[in-house]
Amino acid sequence: MTPTPNSQYDADLHGWYGGAGSFGGRFMPEALIAALDELDAAWQKAMLDPAFLQEFEGLLQNYAGVPSMLYEAHRLSDHAGARILLKREDLNHTGAHKIRNVLGQALLTKRMGKTRVIAETGAGQHGVASATAAAYLGLDCTVYMGEVDTERQALNVARMQLLGAEVIPVRSGSRTLKDAINEALRDWVASVDHTAYLFGTAAGPHPFPSLVLSFVRGIGDEARRQCLDLTGSLPDAVAACVGGGSNAIGLFAAFLDDPDVAIYGFEAGGDGVETGRHAATIFAGSVGVLHGSRTYVLQDDDGQTIESHSISAGLDYPGVGPQHAALAASGRASYLPVTDAEAMEAMSLLARTEGIIPAIESAHAVSGALKVAQERQGETILINLSGRGDKDMGTALEYFGLGTPKETA
Amino acid sequence: MSTSVSVAFEKARADGRAALVGYLPAGFPTVDGGIAALRTMVESGCDVIEIGLPYSDPVMDGPTIQAAAQQALEAGVRTTDVLRTVEAVAATGVPTLVMTYWNPVERYGVERFAQHLYDAGGAGLITPDLTPDFAPEWIAAADARDLDKVFLVAPSSTDERIAMTTAACRGFVYATAVMGVTGARDATSDLAGPLVERTKRAVAATAPGLPVGVGLGVSNGVQAAEVASYADGVIVGSAFVRALLDHPDDLDAGRRALVKLTEDLARGVRS
Ligand SMILES: Cc1ncc(COP(=O)(O)O)c(C=O)c1O
């Protein structure tokens, strides 16, 4: 079951991807190093323990609804001129791929004997998933969320609260995801003896990128098998949206050693990369250190983080996981921007052609894949539909001017 | 020419007392105002100055220092302003360190930053989110210029990591007295004493003579005296920042508050 090490997504001992000193690492306060070492050791041990893996798999199946189906989107395929397959992570419990990561990390927390979890959240999906896992496993849960995000994702704030979590609005900096991570780290420095930090994406200091991948890689492993069962061959291309990068790396990892499968990550292009108001970290950023790892970052000439912009809170992050940085640098995967407008158009298109309302994050992947399809007519493209759009109805309502039934004359 | 902070620690040691290390971020409340404030701290009794490089994502800082750094950034402070501040403060003859998160240095260029810091008369760097095992570039650049490398140890550090850290330090080793972010606290931490003891053992084995400074939470002379009883240096940050924050738009009043605080702390490290 252990996959062969691949330097692009498996870290070396120090957490480097794609060679020592390149991407990843652990740029963290000394106060947290012991906790990261403890987590690393507990995780390594757990991944070799059949009892842990069985418990994790059992929870995924019986609680989270995994494996999610691979769905052939016929009407969207007709529209695209390519065979479009959707990995339906939107059907998972709590509505996104995030539940996989969180169940894995919460189980680890129990094994480490800690009683409290903290999490950061952007869209609120990771916060909801964390609150859910904490409720299920009887852990205390505190979620940090940028104040801007608590406003645009109010429904998810209510969900977390109903699940018994404390939601703390973060008012520092840009008041979005990056600042929520800062605040969670500040909490963790002071609470590390009894608290685990459930990191929400495949970014951050070693071992988080590898650890998160180990819990979400089922996305790609399942999709690969399901695609072979359905079509008799591998897809020609796979596509996912990239915020911090967890749903994307979870999908990509299963195809990295298949040279004939093209890999596309779609970043949030916001108002358009040329406007400077975007979150296209790999496409338009530069190499730097943020939140503990060396990766692509949106930063100014002095290394100050530039605030990102996206209509989608889950992609609104000025950094990205180091595995994606390594994959971009090696050329194995391509990362391209999709604007707010393009994503919203894809959201509407998927709703009308397939009766599926995607998360706006996932709509970025749909839009990007449709663009790719123009050069890949007749080919098979597998898209990770990372989440459902319920949480985004407020945004959609405003964007499309919905909600008021038309008066009949 | 840069002076290692160890000179100031040795002088204090010869006087039979601990050294007082004072911190303010550069550009706060303005670049020139910050220079004036830091000079005031020097004149009132700080033995070593730490100048913070304001950063957008300061994960080790509590609300007080965050507020000052954010104010400086909003006013447009640049890395070059930090170096100018270093030059102005180091000119007083007091050893001057820069305390910075890692990304701004990496962005400026590690070699280039080291050279410009050296040219400005800076003594070296304190790096709160860079540990020696991830610092080969900085260590090489600092060693080439005899700059101080101040790394941190924490109550959670293993003995092995403390030894690895003290072996890599030059100037002093920074012991963070509490598990938590920067910010003044009412009581000094009971974690500090044991940490300093473990650190001194590591110093004896790996870096004989390296001073141990203790920071995080000290805000008055009484606390400074307590820390001075077991540490070679007492590091104070948030309390100085607070003194200026409490006097917005009135730098003279802020500086008077700095004088009072510095004198209180200076008495503390001597008692
Ligand atoms: C549905 C959905 N997709 C994608 C993301 C982006 O995260 P990541 O890049 O880690 O998959 C989020 C984040 O909140 C999300 O909710």
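Chains as they are written, first to last, in the working numbering: chain V, 1 to 409; chain G, 410 to 680.
We put the CB at the ideal spot given by N, CA and C, even for glycine.
Owing to the predicted nature of the structure, the values given are computational and were not obtained by experimental measurement.
- In the DSSP assignment, leucine 230 (chain V) falls within the unbroken alpha helix (DSSP H) covering 218–231.
- Within chain V, the C-beta atoms nearer than 7 Å to that of glutamate 515 (chain G) come from Gly288, Val289, Gly303, in chain order.
- Spatial neighbours of alanine 73 (chain V) in its own chain (CB-CB distance under 6 Å, excluding positions within 5 residues in sequence) are listed in chain order as Ile84, Leu86, Glu354.
- Taken residue by residue, none of the segment 433–450 of chain G has a beta-carbon sitting less than 8 Å from a beta-carbon on chain V.
- In the three-state DSSP reduction, aspartate 538 (chain G) falls in the coil class, being neither helix nor strand.
- Cβ neighbours of arginine 75 (chain V) within its own chain (closer than 7 Å, five residues either side excluded): Thr353, Glu354.
- Taking the Cα of serine 233 (chain V) as reference, the smallest distance to any Cα among V:Gly204, V:Gln54, V:Gly24, V:Ile381 is reached at V:Ile381.
- In this structure, DSSP gives glutamine 377 (chain V) a state outside helix and strand, which the three-state scheme calls coil.
- For cysteine 141 (chain V), the beta-bridge partners assigned by DSSP are V:Val117.
- With respect to the 7 Å criterion, arginine 376 (chain V) and alanine 82 (chain V) are classified as neighbours on the basis of their beta carbons.
- Burial state of glycine 146 (chain V) is buried, judged by a 10 Å Cβ sphere holding 16 or more other Cβ atoms.
- By the C-beta criterion, the segment 52–61 of chain V is judged not to be in contact with the segment 237–256 of chain V, since fewer than 3 inter-stretch pairs fall below 8 Å.
- Contact annotation for lysine 114 (chain V) against chain G: no contact, minimum CB-CB distance about 14 Å [criterion: below 9 Å].
- For arginine 294 (chain V), the pairing in a beta bridge is given by DSSP as V:Gly24, V:Val289.
- Residues of the segment 527–555 of chain G whose Cβ lies closer than 9 Å to any Cβ of chain V, in chain order: Pro537, Asp538, Leu539, Thr540, Asp542, Phe543, Pro545, Glu546.
- At least one CB atom of chain V sits nearer than 7 Å to the CB of alanine 563 (chain G).
- Around the beta-carbon of glutamine 374 (chain V), fewer than 16 other beta-carbon atoms lie within 10 Å, marking it exposed.
- Contact of glycine 368 (chain V) with chain G is not assigned, every C-beta pair being separated by 7 Å or more.
- For phenylalanine 522 (chain G), the uninterrupted alpha helix (DSSP H) run begins and ends at 519–528, by DSSP.
- For asparagine 247 (chain V), the Cβ falls inside the 6 Å cut-off from some heavy atom of ligand 1.
- Put simply, of G:Leu625, G:Val498, G:Val650 the residue whose alpha carbon is nearest the alpha carbon of phenylalanine 437 (chain G) is G:Val650.
- Under the Cβ criterion of 7 Å, arginine 332 (chain V) is not counted among the residues facing chain G.
- In this structure, serine 362 (chain V) sits away from serine 334 (chain V), with a CB-CB distance that is not shorter than 7 Å.
- Counting along the chain, serine 330 (chain V) sits inside the alpha helix (DSSP H) bounded by residues 322–330.
- Identification of chain G residues near phenylalanine 27 (chain V) by a Cβ-Cβ cut-off of 7 Å yields Trp511, Asp538, Leu539, Phe543, ordered along the chain.
- Under the DSSP assignment, aspartate 78 (chain V) falls in the alpha helix (DSSP H) whose first and last residues are 74–80.
- When DSSP states are grouped into helix, strand and coil, methionine 469 (chain G) belongs to the coil group.
- Between serine 308 (chain V) and alanine 328 (chain V), the gap from beta carbon to beta carbon reaches 7 Å or more.
- Here valine 678 (chain G) is near alanine 637 (chain G), since their CB atoms are less than 7 Å apart.
- Per the coordinates, the alpha-carbon of aspartate 187 (chain V) lies some 20 Å from the alpha-carbon of proline 209 (chain V).
- Our two residues, glutamate 546 (chain G) and valine 514 (chain G), have alpha carbons roughly 11 Å apart in a direct line.
- Contacts with chain G (Cβ-Cβ distance below 9 Å) from the segment 22–49 of chain V involve Gly25, Arg26, Phe27, Met28, Pro29, Glu30, Ala31, Leu32, Ile33, Ala34, Ala35, Asp37, listed in chain order.
- Between ligand 1 and valine 297 (chain V), a heavy atom-to-CB distance of less than 6 Å is absent.
- Looking at V:Ala31, V:Ala284, V:Ile263, the one whose alpha-carbon comes closest to that of proline 537 (chain G) is V:Ala31.
- Under DSSP, tyrosine 71 (chain V) shares a beta bridge with V:Leu86.
- Residues of the segment 179–198 of chain V with a Cβ closer than 7 Å to any Cβ of chain G, in chain order: Asn182, Leu185, Arg186, Val189, Ala190, Val192.
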